[in-house]
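Working notes, beginning with the structure itself.
There are 2 protein chains.
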Amino acid sequence: MISVDYKDKRPIYEQLAVNITAMALSGELKPDEQLPSVRQLAVQLKINPNTIAKAYAELERRGVTYTVTGKGSFINSDLSSAAKAQQSAAENNFTEAVMQARLCGIEKSRLLEMIGEAYDTDK
Amino acid sequence: MISVDYKDKRPIYEQLAVNITAMALSGELKPDEQLPSVRQLAVQLKINPNTIAKAYAELERRGVTYTVTGKGSFINSDLSSAAKAQQSAAENNFTEAVMQARLCGIEKSRLLEMIGEAYDTDK
DNA sequence: ACAAGTGTACTAATCATAATAATACAGTTA
DNA sequence: TAACTGTATTATTATGATTAGTACACTTGT
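From first to last, the protein sequence lines are chains A and B.
Counted from 1, the first sequence has number 56 at position 37 by this note's numbering; the numbering is strictly sequential.
Counted from 1, the second sequence has number 28 at position 9 by this note's numbering; the numbering is strictly sequential.
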């Protein structure tokens, strides 16, 4: 389910974009499946339609969706570019985290331990 | 050297706090060593003294420094609480990065590879 | 005592970004 | 035609970061 978290410091439109991208990549949203309309989702989430529209524009810009004026926004069948971007971001983030941990004096062996746990957590 | 990066999205005072904390934990700043004065550092970095003051207040709140009005701000001899907080934050960050990577479909073996590289990078 | 240096406190103004609000327009569908 | 899509535009509000200017309490060296 599409949702927003007001405790999250990221802007709402960014949360929505990331959220929907994840749902598309996981298969929770199928190729060519139509997203809720801008106005409909705005009512459902109790936020402004402009904020939804901004999120949808971002999704199209990132290659996650395609849009037809008058019809709606739909999940792309080819998500490879979005998937690559997401993986690249995740790898950069991971590398940063490793270097940060090293600077804190955390041993490499400790990181190897933590991977074992974290990688198998459900969530 | 204490510096700020305007390409960084974090606020300046936060960058300064993190920067100085790292220098204290690495030993680049010795215990009881005096930090540059608020006004002096403001001139050096060409930013407002209030921003420096905010960073110094944060550092004291986080247990990195102690402050004597009229004298200045100095590095704490006991940095254990700051070190623990920093390590804890690094571990949380690392765990998040691992789970993000897993959600992107990155294999555990790939992460193990990357640790090998990232942990030995200089920077 | 004095002057110059410390950190601190306070108020106001400026700036950027996010979000809201209201409206209008172009295209699609039944 | 009516009701739905996304898009565009302008104005307004809210928030946080930063700047600006000033004032105060304390310490140090003369």
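Cβ coordinates follow ideal geometry from the N, Cα and C atoms, glycine included.
Bounding residues of the beta strand (DSSP E) (the contiguous stretch that carries residue i)
i             : result
I94 (chain B) : 91-94
V23 (chain B) : Segment: none, V23 (chain B) is in no beta strand (DSSP E) and carries neither H nor E.
Y85 (chain A) : 84-87
Bounding residues of the alpha helix (DSSP H) (the contiguous stretch that carries residue i)
i              : result
Y75 (chain B)  : 68-80
Y32 (chain A)  : 31-45
T114 (chain B) : 99-122
E136 (chain B) : 127-137
L64 (chain A)  : 57-64
Expected contact under 8 Å - CB spacing of residue i and residue j to nearest Å
i              : j              : result
R58 (chain B)  : P68 (chain B)  : 5 Å
I134 (chain B) : A109 (chain A) : Incorrect: roughly 14 Å between the Cβ atoms, too far for contact.
V83 (chain B)  : I39 (chain B)  : 7 Å
Q106 (chain A) : C123 (chain B) : 5 Å
V37 (chain B)  : I31 (chain B)  : Not confirmed; about 11 Å, so no contact.
6 Å CB neighbourhood of residue i in its chain, flanking five on each side removed
i             : result
L48 (chain A) : M42, I94
I71 (chain A) : V57, L60, A61
P50 (chain A) : I94, S96
Proximity of residue i and residue j at Cβ, strictly below 9 Å
i              : j             : result
L44 (chain B)  : L98 (chain B) : yes
Q145 (chain B) : S92 (chain B) : The question about residue 145 (chain B) has no answer, for chain B in this structure spans 20 to 142.
R121 (chain A) : Y25 (chain B) : no
Residue i CB to nearest heavy atom of the ligand SAH below 8 Å
i             : result
I94 (chain A) : Among the components modelled here there is no ligand, and therefore nothing to report on the ligand SAH.
Cutoff 7 Å; reference residue i; Cβ partners in own chain excluding five residues on either side
i             : result
Y85 (chain A) : E79, F93, N95
A74 (chain A) : Y32, L35, A36
Residues near residue i in its chain [Cβ-Cβ closer than 8 Å; skip 5 each side]
i            : result
I8 (chain B) : Residue 8 (chain B) is absent from the model: chain B starts at 20 and stops at 142.
Is it the case that the segment 103-117 of chain B contacts the segment 94-105 of chain A, given that we only count it when at least three CB pairs across the two stretches are under 8 Å?
With the cut-off at 8 Å, the segment 94-105 of chain A and the segment 103-117 of chain B do not touch.
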